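Participant:
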Amino acid sequence: MPELPEVETTRRGIAPALQDRRIRGVVVRERRLRWPIARDLNARLSGQRIRAIRRRAKYLLIDLETGTLILHLGMSGSLRVLPPETGVLAHDHLDIVLDSGLALRFNDPRRFGCVLFAEGDPLSHKLLRRLGPEPLEESFTGDYLQRVFRGRRVAIKTLLMNGQLLVGVGNIYASEALFRARINPRRAAGRLKPAQLRKLARSIKQVLNLAIRAGGTTLRDYVGANGDPGYFRRKLYVYERSGKPCRVCRTPIRHFTQGQRSTYFCPHCQTG
DNA sequence: ATGGGCACCTGGCTGC
DNA sequence: TGCAGCCAGGTGCCCA
Numbered sequence: 015m016p017e018l019p020e021v022e023t024t025r026r027g028i029a030p031a032l033q034d035r036r037i038r039g040v041v042v043r044e045r046r047l048r049w050p051i052a053r054d055l056n057a058r059l060s061g062q063r064i065r066a067i068r069r070r071a072k073y074l075l076i077d078l079e080t081g082t083l084i085l086h087l088g089m090s091g092s093l094r095v096l097p098p099e100t101g102v103l104a105h106d107h108l109d110i111v112l113d114s115g116l117a118l119r120f121n122d123p124r125r126f127g128c129v130l131f132a133e134g135d136p137l138s139h140k141l142l143r144r145l146g147p148e149p150l151e152e153s154f155t156g157d158y159l160q161r162v163f164r165g166r167r168v169a170i171k172t173l174l175m176n177g178q179l180l181v182g183v184g185n186i187y188a189s190e191a192l193f194r195a196r197i198n199p200r201r202a203a204g205r206l207k208p209a210q211l212r213k214l215a216r217s218i219k220q221v222l223n224l225a226i227r228a229g230g231t232t233l234r235d236y237v238g239a240n241g242d243p244g245y246f247r248r249k250l251y252v253y254e255r256s257g258k259p260c261r262v263c264r265t266p267i268r269h270f271t272q273g274q275r276s277t278y279f280c281p282h283c284q285t286g
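Residue numbers for the first sequence follow the working numbering, beginning at 15 and rising by one.
1. Which first and last residues belong to the beta strand (DSSP E) in which residue 39 is found?
2. Under a Cβ-count criterion, where at least 16 other Cβ atoms within 10 Å of its own Cβ denotes burial, should residue 138 be classed as buried or exposed?
3. When you compare the CB positions of residue 84 and residue 40, do they come within less than 8 Å of one another, or not?
4. Below 8 Å on the Cβ atoms is my guess for residue 219 versus residue 266; work out the distance and round it to an integer in Å.
5. The alpha helix (DSSP H) that contains residue 21, what's its start and end?
6. Taking only the alpha-carbon atoms, compute the straight-line gap between residue 50 and residue 209 and give it to the nearest angstrom.
7. Excluding the five sequence neighbours on either side, which residues of its own chain have a C-beta within less than 8 Å of the C-beta of residue 262, listed in chain order?
8. Check for me: the beta strand (DSSP E) holding residue 277 runs from which residue to which?
9. At 4 residues or longer, and completely inside the region 137-171: list those alpha helix (DSSP H) runs for me, N to C.
10. Taking the runs of the alpha helix (DSSP H) that are 4 residues or longer, which of them lie wholly in the region 45-99?
11. Return yes when the Cβ of residue 81 is within less than 8 Å of the Cβ of residue 48, no when it is not.
12. If you follow the beta strand (DSSP E) that residue 121 is in, where does it begin and where does it stop?
13. Have a look at 24, 147, 94, 77 and flag the residue whose alpha-carbon is nearest the alpha-carbon of residue 116.
14. Using 8 Å as the Cβ pair cut-off and three pairs as the minimum, do the region 157-166 and the region 124-133 touch?
15. Determine contact between the region 169-185 and the region 64-79, defined as no fewer than three beta-carbon pairs at a distance below 8 Å.
16. Please work out which residues of its chain come closer than 7 Å, Cβ to Cβ, to residue 28, disregarding the five sequence neighbours upstream and downstream, and give them in chain order.
17. What do you reckon, are the CB atoms on residue 91 and residue 131 nearer than 8 Å?
18. Within 8 Å, do at least three Cβ pairs link the region 160-173 to the region 228-242?
19. If you compare alpha carbons, which of 55, 217, 35, 58 is closest to residue 65?
As structure tokens, then:
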């Protein structure tokens, strides 16, 4: 599910309820996630004040007094803020109960997400330390892409999802950004021209910003902190639109498999 | 270093 | 109605 816009939407949604609150306790109902939730999580978190709610790539970082909670939503995870007596659903893995009386609840049917506690700088954590730049930062440019794509023979679509080069772009927004930049997803990344890479960098920023503004894309599971879905699905040009007419030229959208993931594109518009 | 493929999981949909 | 098969917003890890 959640790519950068969905994680950022979640961050913005949960932050007001968490900021400066104290954690009353943690209720773990299902420890099994990508890595099991630590047995001592309640003991470690109870009583701590929440200092900040940040995002790095697709990770949410909840800074506490003695360390940071690192959350990932995987493919199907979501976080909601609600009264703790709210009925528990399948796959509600844990509640973080706050001194406000509200709770942060983590739900993840497919269990590809994670909830970890790390002492010290979370950016030095094994999972975070090798991540590439944030695409919405000003330093993320076509020049940067040119530098890191040089000599790479992998298809551009595949490389866009490589978190060591840039973060936050997953299967939906990789296809969407390439459509906006009019680039064929099969093109070898290292063969793209500087002008194409400048356009691609702009397209990535644009599609991520528009998606954040729409509250993200909901295909199946994703909901924001208040339970609402994201509305960017209506704005998608190619993702899951196989056989439907291109919104620009009416040519049927096509899809194929690339690195075990579905890629969608318009064969007429994306010839770059 | 790079690239490719698998694994981890549940649930929803399709077609027989 | 039942069931097998296929597919799904991610990413760490192992192998060539």
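Even glycine gets a Cβ: it sits at the ideal position worked out from N, Cα and C.
All values reported here derive from a predicted model rather than from experimental measurement.
Facilitator: So, to answer that:
1. From DSSP, the beta strand (DSSP E) with residue 39 extends over 37-42.
2. exposed
3. no
4. Going by Cβ atoms, the distance from residue 219 to residue 266 rounds to 28 Å, so no, they are not a contact pair.
5. Bounds of the alpha helix (DSSP H) holding residue 21 are 18-32.
6. 46 Å
7. 251, 280, 283
8. 275-279
9. 156-163
10. Listed in chain order, the alpha helix (DSSP H) runs fully inside the region 45-99 are 55-59, counting runs of at least 4 residues.
11. no
12. 117-121
13. 94
14. Counting Cβ pairs under 8 Å, fewer than three are found: no touch.
15. yes
16. 67, 93, 95, 118, 239
17. no
18. no
19. 35
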